[in-house]
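Below you'll find the structure, written out as structure tokens, and then a few comments.
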Amino acid sequence: MRRGEIVCGILMMGFAVFYIYLSWEFPIGFVKRVPGSGMLPFILGITLLLLSVLYLLRSWKKAPKGEEFWAGDIKSLVICLVFYLGFIVSIRGLGFILSSFFFGLMTLRFLFKMKWPTSIFCSAAFTLILQVSFYNLLGVPLPKGLSWKILSALGLGYGG
Amino acid sequence: MLFEACHSLLQGFSVALSLKNLCYCFIGVTVGNIVGVLPGFGPVSAVAILIPLMYGVEPVSAIILLAGIYYGAMYGGSITSILLKIPGESSSVMTAIDGYELALKGRAGPALGISAIASFVAGTLSVIFLTFFAPLLASFALSFGAPEYFSLMVMGFAAVAVLSTGDALKGGISAVLGIILATVGSDVITGIPRFHFGSIYLLDGIDFLVVAIGVFAIAEVLDNVVTKSKFGQRLSYGKWTNLLPSLNDLKVSFWPTIRATFIGFTTGVLPGAGATIASFISYATEKRVSKYPEKFGTGVMEAVAGPEAANNAATGGAMVPLLTLGIPGSNVTAVMLGALMMLGLQPGPLLFKEHPTFVWGFIASMYVGNVMLLILNIPLIGVFVQVLRLSFPIIAILVLEISLVGVYAFNNNIFDLYIMFVFGIIGFLLKKLDFPLAPMILALVLGRMFEEHCRRSLIISDGSFTIFLTRPISLTLLVVAVLVMFYPMILDFIRQHRKGKDK
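Those sequence lines, one after another, are chains A and B. Counted the way the numbering used here counts, the first sequence spans residues 1 to 160. Counted the way the numbering used here counts, the second sequence spans residues 1001 to 1503.
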């Protein structure tokens, strides 16, 4: 884990410096003795920087040289993230129904290697359950997009 | 005074036990339970949505229904926390840590049972406290100013940062990151927009729920996808009796429940502190007093009983300032205050004198509601646990889709989904590096209040930080915070000293 912790420590230090830089845009207020909107961010940035340095030093000296945290099935992780991001990106255009169905189908079939009929059935069932629970029962205005147009064209659109 | 309270309470029961009010109570607790289960659809939204329907309803019936939603949601919030590690409410975050680990060990049923029983005991005890100590505690809460709140939060952060994993450095980094996230959006005092990078979506800040679902639920799925270690492990529970808590579970949960009731009730009384901070303090306290603190985080029943009891006790506590001072102690009670005013009632010291039937009918209904919740939840444990019998791919899809819809439902905003996605990845990385994530969530929830109280205190003292040390309550809280921060070091020192003596 040693390399992972060192990389994490350096990234946090970088983030702390960037945050301190951003907090300079706002009045800190130490001179006027009235706390400004930059006071707490500045103190937090300095604190994070100090803690990151301590973390980095500790990792450098003490972290065990065992298995790194990125060990494992990284290919599956990337596939899962790409499918999920695709779901989020497409939800406005395709609407919830289609994007949810395709996300479920792709993930179950290609990530978890389930059979086509099971994947189709499960993704359709989840989409239906979520649509009915959130849209119809709780009144959450889930994105309609292309899904709604297709449903309306088929005469299946409901609830406006 | 005691006799008077008992007499008034009996009169209250005659109101609460009428068929009409029993129905309102049942509807309230059932809706609350469901709302608590669903992430993104919290009791505030449910109470707010139902307020317009309260026109024409008798005030006592209306408040019985709205309060039922409030404490029903506290019960329900634990269900998805334990089963799927999706906290329905911020107050369920601590329950998710050990509750989910228990579920992975095949002990979801007992964890849900203990959660329901602890919630019932704490909820009932807190209503008893509300009945007898309301005026006394309300006057104590009045003595809390900005410096005291600031110090209380410092103590909360210190306790959670140090005690959540025992690694103060990682806990501290996590808490600081949480407060940094809370600084995004309009400045709490001046309204100046900060760290929004030109995005209008970030002007209102980052919601805790979006981050919590990302770092808990999404990160958990990603972790399982990478390691594949937990695939198909959640199948066998054996006999149906294994779904209920054992005598030992009840025994180990007894004192945590009692301690958490006191913590939850007193924290709930403090306006702004509420159920979330109560559950965090309770978790930290249980770890502090436990004989096996190193096991916390790996599935310990006390870590479920404590936070669950605390967040339910806090709902009773939150009613104290609402009813006696007209000061809401939480978001939900703030909405309820609006509802009371809409119904023509002005909460405050005179409410007990001018509308005793209303106040005592409402208090009595909370006893009834807690019993209803217990009766509702215990038989349903078997049904809830069936969720875990599903295979991992099905659970993964369910978690990812429910998280997405829950986050979207929160603000109807697609931008939140991207934030959740990013925090899913951040949570996964931090989890892999053994960073505790609970301090980050607590800090994010309380960050804006933390900054507000800090700056208000400094404005009062003309920029002098000594204000936090010159007020007795604030000083005491800070001393406790320092002790908590150095607790691992003190403990190490004592152990080494003992070892040296033994040699």
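We put the CB at the ideal spot given by N, CA and C, even for glycine.
So, Ile1363 of chain B versus Met1319 of chain B, is the Cβ gap smaller than 9 Å?
Your numbering for residue 1363 of chain B matches position 363 in the second sequence. Your numbering for residue 1319 of chain B matches position 319 in the second sequence. It is a contact, given that the beta carbons lie within the stated cut-off.
How many angstroms separate the CA atom of Ala153 of chain A from the CA atom of Asp1207 of chain B?
Position 153 of the first sequence, counting from 1, holds the residue named residue 153 of chain A. Position 207 of the second sequence, counting from 1, holds the residue named residue 1207 of chain B. Answer to the nearest angstrom: the Cα atoms are 38 Å apart.
For Arg1107 of chain B, count neighbouring Cβ atoms within 10 angstroms of its own Cβ and tell me buried if that reaches 16, exposed if not.
Counted from its first residue, the second sequence places residue 1107 of chain B at position 107. Flag for Arg1107 of chain B reads buried.
Decide if Leu163 of chain A is buried, meaning its Cβ has at least 16 other Cβ atoms within 10 Å, or exposed.
One cannot answer for residue 163 of chain A here, as it falls past the ends of chain A, which runs 1 to 160.
Between Leu1125 of chain B and Ser1014 of chain B, what straight-line distance do the alpha-carbon atoms span, to the nearest angstrom?
Counted from its first residue, the second sequence places residue 1125 of chain B at position 125. Counted from its first residue, the second sequence places residue 1014 of chain B at position 14. Roughly 20 Å between the two C-alpha positions.
How is Gly1232 of chain B classed by DSSP in three states: helix, strand or coil?
Counted from its first residue, the second sequence places residue 1232 of chain B at position 232. For Gly1232 of chain B, the predicted structure reports a pLDDT of 46, less than 50, and the residue's modelled location is therefore unreliable. A value from the coordinates is still provided. Under the three-state reduction of DSSP, Gly1232 of chain B is assigned to coil, being neither helix nor strand.
I'd like to confirm the pairing. Which residues does DSSP put opposite Pro1193 of chain B in its beta bridges?
In the second sequence, the residue the question calls residue 1193 of chain B occupies position 193. In the DSSP secondary-structure assignment, Pro1193 of chain B is bridged to B:Ser1186.
Just to confirm my understanding: we take Ser23 of chain A, look at its own chain, exclude 5 residues before and 5 after, and list those with CB closer than 7 Å. What are they?
Sequence index remark: in the first sequence, residue 23 of chain A carries index 23 (1-based). So the qualifying residues of the chain are Gly38, Pro41, Phe42 and Gly45.
Take every Cβ of the stretch 1377 to 1395 of chain B, pair it with every Cβ of the stretch 1169 to 1182 of chain B, and state whether three or more of those distances are shorter than 8 Å.
Counting C-beta pairs with one atom in each stretch, the stretch 1377 to 1395 of chain B and the stretch 1169 to 1182 of chain B have fewer than three that are closer than 8 Å, which means they do not touch.
Within 10 Å of its beta-carbon, does Gly1109 of chain B have 16 or more other beta-carbons around it, so buried, or fewer, so exposed?
Here the question's residue 1109 of chain B lines up with position 109 in the second sequence. With 16 or more other Cβ atoms within 10 Å, it is buried.
With the cut-off set at 9 Å, would you say Tyr1075 of chain B and Ala1116 of chain B are in Cβ contact?
Position 75 of the second sequence, counting from 1, holds the residue named residue 1075 of chain B. Position 116 of the second sequence, counting from 1, holds the residue named residue 1116 of chain B. The answer is yes: Cβ separation under 9 Å.
Over the uninterrupted alpha helix (DSSP H) stretch that includes Lys1287 of chain B, give me the two end residues.
Residue mapping note: residue 1287 of chain B aligns to position 287 of the second sequence, counting from 1. Element bounds for Lys1287 of chain B: Gly1274 to Val1289.
How would you list, in chain order, the residues of chain A whose beta-carbon sits under 8 Å from the beta-carbon of Leu1398 of chain B?
The sequence position of residue 1398 of chain B within the second sequence is 398, counting from 1. Close partners of Leu1398 of chain B in chain A (Cβ separation under 8 Å): Phe126.
Could you please give the first and the last residue of the uninterrupted alpha helix (DSSP H) stretch that includes Tyr1408 of chain B?
What you label residue 1408 of chain B is simply residue 408 of the second sequence in a count that begins at 1. Per DSSP, Tyr1408 of chain B belongs to the alpha helix (DSSP H) from Phe1392 to Asn1411.
Using a Cβ-Cβ cutoff of 8 Å, what residues of the stretch 104 to 118 of chain A are near chain B? List them in chain order.
Correct list: Gly104, Thr107, Leu108, Leu111, Phe112 and Met114.
Contacts that Phe134 of chain A makes with chain B (C-beta to C-beta distance below 7 Å)
To locate residue 134 of chain A, count along the first sequence from 1; it is residue 134. Listed along the chain, the chain B residues whose CB falls inside 7 Å of the CB of Phe134 of chain A are Val1405 and Ala1409.
Flag this pair as touching only if the stretch 1203 to 1220 of chain B and the stretch 1404 to 1420 of chain B have three or more C-beta atom pairs under 8 Å; answer yes or no.
Yes: at least three Cβ pairs fall under 8 Å.
For a quick check, are the C-beta atoms of Ala1275 of chain B and Thr1285 of chain B less than 9 Å apart?
Within the second sequence, numbered from 1, the residue matching residue 1275 of chain B stands at position 275. Within the second sequence, numbered from 1, the residue matching residue 1285 of chain B stands at position 285. Judged by beta-carbon spacing, Thr1285 of chain B lies beyond the 9 Å limit of Ala1275 of chain B, meaning their Cβ atoms are not closer than that value.
Are at least three pairs of beta-carbons, each pair with one atom in the stretch 1019 to 1033 of chain B and one in the stretch 1371 to 1378 of chain B, less than 8 Å apart?
Yes, the stretch 1019 to 1033 of chain B touches the stretch 1371 to 1378 of chain B.
Phe87 of chain A - DSSP class collapsed to helix/strand/coil:
Along the first sequence, read from residue 1 onward, the residue named residue 87 of chain A stands at position 87. Of the three classes helix, strand and coil, the one that applies to Phe87 of chain A here is helix, per DSSP.
Does the CB of Gly45 of chain A have a neighbour CB from chain B at under 9 Å?
Here residue 45 of chain A refers to the residue found at position 45 of the first sequence. Contact of Gly45 of chain A with chain B is assigned, a C-beta pair being separated by under 9 Å.
Rounded straight-line distance, which links the Cα of Ala1438 of chain B to that of Glu1004 of chain B
Position 4 of the second sequence, counting from 1, holds the residue named residue 1004 of chain B. Position 438 of the second sequence, counting from 1, holds the residue named residue 1438 of chain B. Approximately 44 Å, taken between the alpha carbons.
In terms of residue numbering, what span does the alpha helix (DSSP H) encompassing Trp1255 of chain B cover?
Looking up residue 1255 of chain B in the second sequence gives position 255. Per DSSP, Trp1255 of chain B belongs to the alpha helix (DSSP H) from Leu1247 to Val1269.
Measure the CB-CB distance between Thr1357 of chain B and Gly1306 of chain B and report whether it falls below 9 Å.
Taking the second sequence and counting its residues from 1, one reaches residue 1357 of chain B at position 357. Taking the second sequence and counting its residues from 1, one reaches residue 1306 of chain B at position 306. For Thr1357 of chain B and Gly1306 of chain B, no; Cβs fall outside 9 Å.
Glu1451 of chain B, enclosing alpha helix (DSSP H) - first and last residue:
Counting from one through the second sequence, the residue named residue 1451 of chain B turns up at place 451. Element bounds for Glu1451 of chain B: Ala1438 to Ile1460.
Hey, Phe101 of chain A and Ser133 of chain A are a contact pair by Cβ (cut 8 Å); roughly how many whole angstroms apart?
Start at 1 with the first residue of the first sequence, and residue 101 of chain A comes out as number 101. Start at 1 with the first residue of the first sequence, and residue 133 of chain A comes out as number 133. With 8 Å as the limit, Phe101 of chain A and Ser133 of chain A do not qualify as a contact, their Cβ atoms being about 16 Å apart.
Are the C-beta atoms of Arg1194 of chain B and some chain A residue less than 9 Å apart?
The sequence position of residue 1194 of chain B within the second sequence is 194, counting from 1. At least one CB atom of chain A sits nearer than 9 Å to the CB of Arg1194 of chain B.
For chain A, find out if any of its Cβ atoms is closer than 9 Å to the Cβ of Thr1476 of chain B; answer yes or no.
If you number the second sequence from 1, residue 1476 of chain B lands on position 476. Cβ-Cβ to chain A under 9 Å: no for Thr1476 of chain B.
Over what stretch of residues does the alpha helix (DSSP H) that includes Val1226 of chain B continue unbroken?
The count along the second sequence starts at 1 and reaches residue 1226 of chain B at position 226. Secondary structure note for Val1226 of chain B: its alpha helix (DSSP H) is the uninterrupted segment Ala1219 to Thr1227.
Note down the Cα distance separating Ser1092 of chain B from Ser1282 of chain B, rounded to an integer number of angstroms.
For the purposes of this step, residue 1092 of chain B is taken as the residue at position 92 of the second sequence. For the purposes of this step, residue 1282 of chain B is taken as the residue at position 282 of the second sequence. Approximately 12 Å between the Cα atoms of the pair.
Got a sec? Which residues, its chain only, sit under 7 Å from Ala125 of chain A by beta carbon, not counting five neighbours each side?
If you number the first sequence from 1, residue 125 of chain A lands on position 125. There are no such residues.
Which residue marks the beginning of the alpha helix (DSSP H) containing Tyr1075 of chain B, and which one marks its end?
Your numbering for residue 1075 of chain B matches position 75 in the second sequence. For Tyr1075 of chain B, the enclosing alpha helix (DSSP H) has its first and last residue at Pro1059 to Leu1084.
In chain A, which residues lie with their C-beta within 8 Å of the C-beta of Val1160 of chain B?
Taking the first residue of the second sequence as 1, we reach residue 1160 of chain B at position 160. By Cβ distance, chain A contributes nothing, its closest Cβ being about 15 Å from Val1160 of chain B, past 8 Å.
Which term fits Cys8 of chain A, buried or exposed, when burial requires 16 or more other beta carbons within 10 angstroms of its beta carbon?
Against the first sequence, residue 8 of chain A aligns to sequence position 8. By the 10 Å Cβ count, Cys8 of chain A comes out buried.
Under 9 Å Cβ-Cβ, which residues of chain B neighbour Ile91 of chain A?
Numbered from 1 along the first sequence, position 91 holds the residue referred to as residue 91 of chain A. Among the residues of chain B, those whose CB is under 9 Å from the CB of Ile91 of chain A are Leu1404, Tyr1408, Ile1414 and Leu1417, following chain order.
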